[in-house]
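Presented below is the structure to which this report refers.
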Amino acid sequence: KTVAKADSGIYLRGVPQVQIWDTTKEGGKWDRKANLGSGGLFNNKGEGKYPLVHADKPFGEWNHFRIIMKGDKVTVYMNGKLVVDNKTMDNYYEKDQPIYETGPIQLQTHGGEIRFKNVFLKKL
Numbered sequence: 353k354t355v356a357k358a359d360s361g362i363y364l365r366g367v368p369q370v371q372i373w374d375t376t377k378e379g380g381k382w383d384r385k386a387n388l389g390s391g392g393l394f395n396n397k398g399e400g401k402y403p404l405v406h407a408d409k410p411f412g413e414w415n416h417f418r419i420i421m422k423g424d425k426v427t428v429y430m431n432g433k434l435v436v437d438n439k440t441m442d443n444y445y446e447k448d449q450p451i452y453e454t455g456p457i458q459l460q461t462h463g464g465e466i467r468f469k470n471v472f473l474k475k476l
């Protein structure tokens, strides 16, 4: 759940990130394509950077993510809609290397309130 001007994400294996943000024009991030919606692999150079569809709910409502990561491939569903389809996640920190085989899952806030609940992990 987010508020106006929120900017957040979910790091996978310690690497940024499945993007979560204010997608409204008033949020001030349309220059970074926030109008396309949350759920994309924001730091990717190519495929997967932007979500396939805008699936965000209005402020004050809970969004639901289902993130599947197998190897270096990521699939993201947001509110039941496919937003990233089996794309390779880039290694943001070592751009010439593949993403790490293991690492933490991290919840980020980068301005604005963000809330997470009912976080479940399953090893595949």
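For the sequence shown, my numbering gives the first residue as 353, with consecutive numbering after it.
Cβ atoms here follow ideal geometry from the backbone N, Cα and C, with glycine treated the same way.
Tell me whether residue 438 sits in a helix, a strand or coil according to DSSP, three-state version.
The residue you call residue 438 lines up with position 86 of the sequence shown. The answer is strand: DSSP assigns residue 438 an E or B state.
Under the three-state reduction of DSSP, which class applies to residue 391: helix, strand or coil?
In the sequence shown, residue 391 corresponds to position 39, counting from 1. Looking at residue 391 - three-state DSSP - the assignment turns out to be coil, as it is neither helix nor strand.
In terms of residues, what are the limits of the beta strand (DSSP E) holding residue 449?
On the sequence shown, position 97 is the one that residue 449 refers to. Counting along the chain, residue 449 falls outside any beta strand (DSSP E), and DSSP gives it neither H nor E.
Count the other CB atoms within 10 Å of the CB of residue 438; is the residue buried (16 or more) or exposed (fewer)?
What you label residue 438 is simply residue 86 of the sequence shown in a count that begins at 1. Per the 10 Å Cβ criterion, exposed.
Residue 423 versus 385, 384, 433, 443, residue with shortest Cα-Cα distance
Taking the first residue of the sequence shown as 1, we reach residue 423 at position 71. The shortest C-alpha separation from residue 423 is found at 443.
3 or more residues per run - each beta strand (DSSP E) lying fully within the segment 364-411
367-373
Taking the continuous beta strand (DSSP E) assigned at residue 457, which residues delimit it?
For the purposes of this step, residue 457 is identified with residue 105 of the sequence shown, where counting begins at 1. No beta strand (DSSP E) contains residue 457, which DSSP labels as neither H nor E.
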